[in-house]
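Asker:
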Amino acid sequence: MRHVIAGTEETFEDFANNSNCNDTITNDVRRDERLNEIIDLREVINNKNREKEIFYSFELFPMKKPNNIYERFFAEMDKYSPAFYALTWHTKSVTLDAVEKFPSNTLLHLAAKGLKRCNVEIILKRVHALGIRNIFALQGDSALEDGDFPHAIDLVKFIRAYFGETFCIFVAGYPDMHPLSPSKDLDLLYLKAKVDAGADFIITQIFFESSIFLSFVKDCNDIGIKVPIIPGIFPIPGYKCFERMTNICKVNVPKFILNRLDTMKDNDEAVRNFGIELTVNLIKDIIECDASYGFHLFTLNKISMVQNICNRLSTISRLHPEYSTALCAL
């Protein structure tokens, strides 16, 4: 997938380490209840949408030596009742043992390019045994060309054919168009094909203007894509992170953002505060336009920044009809 860092050969741990994106996180917190409750996100998200309840999800990257980072993250962020946590995962870099530290409301990335059907079958059976029922079906950017899944749609079709409705399936959408697509129209048709093959939800690539997401949702609706579309949002934690992320993802960045960041690029705190402000405003704009009730934050495992964003939005009631009043108070 070209998700938050585009499914490149660079692992998320490498990305964070190279970009000074890591927080030092300690503390021991319990997380041994995963198998007590199986959570299918179709029921969770559809219920929240039906009730017009705003919800958040948090994406983490795997680390070879997590040192209780996950446990601390869950202990802090569970306070905000996320609909789910997402774990980026690469077969070449991190084993599925990382999943054992995650709760049952976990969305596991599966980038299948280069994998054989037997590999995916084994992975999904293991995931099922671990109590996970939610899969982010991605193409990935593996250099291997001898796999059975050249595109994400092939993985979606396989999961539905082999496992039926056992798993809830998410796929990626690209508001700015996938960088390798020949045209925006074709890109939308590719997305519709993934949905028609059995995808339940769409999480988007990052974007920096609400108008980009709103246009994307309209375009999807116009061609018959009716599944919920959850915006993927990247809170800018620092200038180096921003440069690397936008370069890898190949997304368009508005000039006003580039200009603002250029004036503060040597001031980490100023960049971070600007990233928080931008994220809060994106979410508020999308809520006001009734375009989505869910928001997926690419956290880079950074607790404090995500907490700050959630706290900024905490004055807003969870029920959507009350938002227009609450937003004015922020």
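Residue 126 in my numbering is what sits at position 126 of the sequence shown, and the numbering runs on without skipping anything.
Even glycine gets a Cβ: it sits at the ideal position worked out from N, Cα and C.
Quantities reported herein were computed from a predicted structural model and do not represent experimental measurements.
1) Nearest to Ala291 by CA position, among Asn221, Asn105, Gln139, Pro179, is which residue?
2) Which whole-angstrom value is the C-beta distance of Lys194 and Ile223, which I expect to be below 8 angstroms?
3) Our contact map puts Arg133 next to Leu96 with C-beta atoms below 8 angstroms; I'd like the distance itself, whole angstroms only.
4) Just tell me which of Leu87, Lys113, Ile135, Lys65 has its CA closest to the CA of Arg42.
5) Out of curiosity, what's the CA-to-CA distance linking Gly147 and Asn281?
6) What do you reckon, are the CB atoms on Gly294 and Asp268 nearer than 8 angstroms?
7) If we ignore side chains and look at the alpha-carbon of each, how far apart do Lys116 and Phe208 end up?
8) Would you kindly report the start and end of the unbroken alpha helix (DSSP H) that includes Gly232?
9) Going by the DSSP bridge assignment, what does Leu107 pair with across the sheet?
10) Below 8 angstroms between beta carbons: does that hold for Ala172 and Leu138?
11) In the DSSP output, which residue or residues are listed as bridge partners for Ile206?
12) Rounded to a whole number of angstroms, what is the C-alpha to C-alpha distance between Ser211 and Cys241?
13) So, for Thr279: in the same chain, excluding its five sequence neighbours on each side, which residues have a beta-carbon less than 7 angstroms away from its beta-carbon?
14) Terminal residues of the continuous beta strand (DSSP E) containing Tyr56?
15) Determine the burial state of Phe256: buried for a count of at least 16 other Cβ atoms within 10 Å of its Cβ, exposed for fewer.
16) Evaluate Arg50 with the Cβ neighbour count: other Cβ atoms within 10 Å of its Cβ, from every protein chain shown; 16 or more gives buried, anything less gives exposed.
17) Secondary structure at His178, three-state DSSP: helix, strand or coil?
18) Report the residue from Arg272, Pro182, Tyr56 whose alpha carbon sits nearest the alpha carbon of Lys79.
19) Whose C-beta lies closer than 7 angstroms to the C-beta of Lys184 among residues of the same chain, with five residues either side of it excluded?
20) What does DSSP give as the partner residues of Cys168 in its beta bridges?
21) When the Cα of Cys289 is compared with those of Leu188, Leu214, Glu59, Thr246, which residue comes out closest?
22) Using 8 angstroms for Cβ pairs, my map puts Phe149 next to Lys113. What's the rounded Cβ distance?
23) Enumerate in chain order the residues of its own chain whose CB-to-CB distance from Ile153 is below 7 angstroms, with the five nearest sequence positions on each side excluded.
24) By a C-beta neighbour count over all protein chains shown, 10 Å radius and 16 as the cutoff for buried, is Cys118 buried or exposed?
25) Which value, in whole angstroms, describes the spacing of the CA atoms of Ala334 and Arg260?
26) Measure the C-alpha to C-alpha separation of Gly103 and Leu186 and round it to an integer number of angstroms.
27) If you follow the beta strand (DSSP E) that Leu297 is part of, which residue opens it and which one closes it?
28) Which value, in whole angstroms, describes the spacing of the CA atoms of Arg312 and Met63?
Answerer: Put simply:
1) To locate residue 291, count along the sequence shown from 1; it is residue 291. It is Asn221 whose Cα lies nearest to the Cα of Ala291.
2) The residue you call residue 194 lines up with position 194 of the sequence shown. The residue you call residue 223 lines up with position 223 of the sequence shown. At roughly 13 angstroms, the Cβ-Cβ gap does not stay under 8 angstroms, so Lys194 and Ile223 are not in contact.
3) Within the sequence shown, numbered from 1, the residue matching residue 133 stands at position 133. Within the sequence shown, numbered from 1, the residue matching residue 96 stands at position 96. Going by Cβ atoms, the distance from Arg133 to Leu96 rounds to 15 angstroms, so no, they are not a contact pair.
4) Your numbering for residue 42 matches position 42 in the sequence shown. The shortest C-alpha separation from Arg42 is found at Ile135.
5) Counted from its first residue, the sequence shown places residue 147 at position 147. Counted from its first residue, the sequence shown places residue 281 at position 281. Computed Cα separation, rounded: 42 angstroms.
6) The count along the sequence shown starts at 1 and reaches residue 294 at position 294. The count along the sequence shown starts at 1 and reaches residue 268 at position 268. No, the pair does not count as a contact, with Cβ atoms beyond the cut-off.
7) As a first step, residue 116 must be located in the sequence shown, where it is residue number 116. As a first step, residue 208 must be located in the sequence shown, where it is residue number 208. Each residue's Cα considered, the two are about 36 angstroms apart.
8) For this step, residue 232 is matched to residue 232 along the sequence shown. Per DSSP, Gly232 is not a residue of any alpha helix (DSSP H); the beta strand (DSSP E) it occupies stretches across 229-233.
9) Here residue 107 refers to the residue found at position 107 of the sequence shown. When beta bridges are read from the DSSP output, Leu107 appears opposite Ala86.
10) Sequence index remark: in the sequence shown, residue 172 carries index 172 (1-based). Sequence index remark: in the sequence shown, residue 138 carries index 138 (1-based). In contact: Ala172 and Leu138 (Cβ atoms closer than 8 angstroms).
11) On the sequence shown, residue 206 is found 206 positions in, with the first residue counted as 1. BP columns for Ile206 point to Gly232.
12) For this step, residue 211 is matched to residue 211 along the sequence shown. For this step, residue 241 is matched to residue 241 along the sequence shown. Distance between the alpha carbons of Ser211 and Cys241: 24 angstroms.
13) The residue labelled residue 279 in the question sits at position 279 within the sequence shown. Within the same chain, Thr279 has close Cβ partners Ile233, Pro235, Ile309.
14) Residue numbering aside, residue 56 sits at position 56 when the sequence shown is read from its first letter. Run containing Tyr56: 55-60, per the beta strand (DSSP E) assignment.
15) Position 256 of the sequence shown, counted from the start, is the residue given in the question as residue 256. So Phe256 counts as exposed.
16) Within the sequence shown, residue 50 is the residue found at index 50, counting from 1. Looking at its Cβ environment, which holds fewer than 16 other Cβ atoms inside 10 Å, Arg50 is exposed.
17) Within the sequence shown, the letter at position 178 stands for residue 178. Three-state result, His178: coil.
18) Translated into the one-based positions of the sequence shown, residue 79 becomes position 79. Minimum Cα distance to Lys79 is reached at Tyr56.
19) Position 184 of the sequence shown, counting from 1, holds the residue named residue 184. These residues qualify, in order along the chain: Met177.
20) Within the sequence shown, the letter at position 168 stands for residue 168. Paired residues: Asn134.
21) Sequence index remark: in the sequence shown, residue 289 carries index 289 (1-based). Here the closest residue by C-alpha is Leu214.
22) If you number the sequence shown from 1, residue 149 lands on position 149. If you number the sequence shown from 1, residue 113 lands on position 113. Right, the Cβ-Cβ distance comes to about 6 angstroms (below 8 angstroms), so this counts as a contact.
23) Looking up residue 153 in the sequence shown gives position 153. Result list for Ile153: Ala193, Lys194, Ala197, in chain order.
24) Working through the sequence shown from its first residue, we reach residue 118 at position 118. Under this definition Cys118 is an exposed residue.
25) Past the boundaries of the shown model lies residue 334; the chain is included only from 1 to 330, so the question cannot be answered.
26) On the sequence shown, residue 103 is found 103 positions in, with the first residue counted as 1. On the sequence shown, residue 186 is found 186 positions in, with the first residue counted as 1. For the sequence presented, residue 103 should be read as Pro rather than Gly. Straight-line Cα distance between these residues: approximately 37 angstroms.
27) In the sequence shown, residue 297 corresponds to position 297, counting from 1. It spans 294-298 - the beta strand (DSSP E) in which Leu297 sits, taken as one unbroken run.
28) Against the sequence shown, residue 312 aligns to sequence position 312. Against the sequence shown, residue 63 aligns to sequence position 63. One C-alpha to the other measures close to 29 angstroms.
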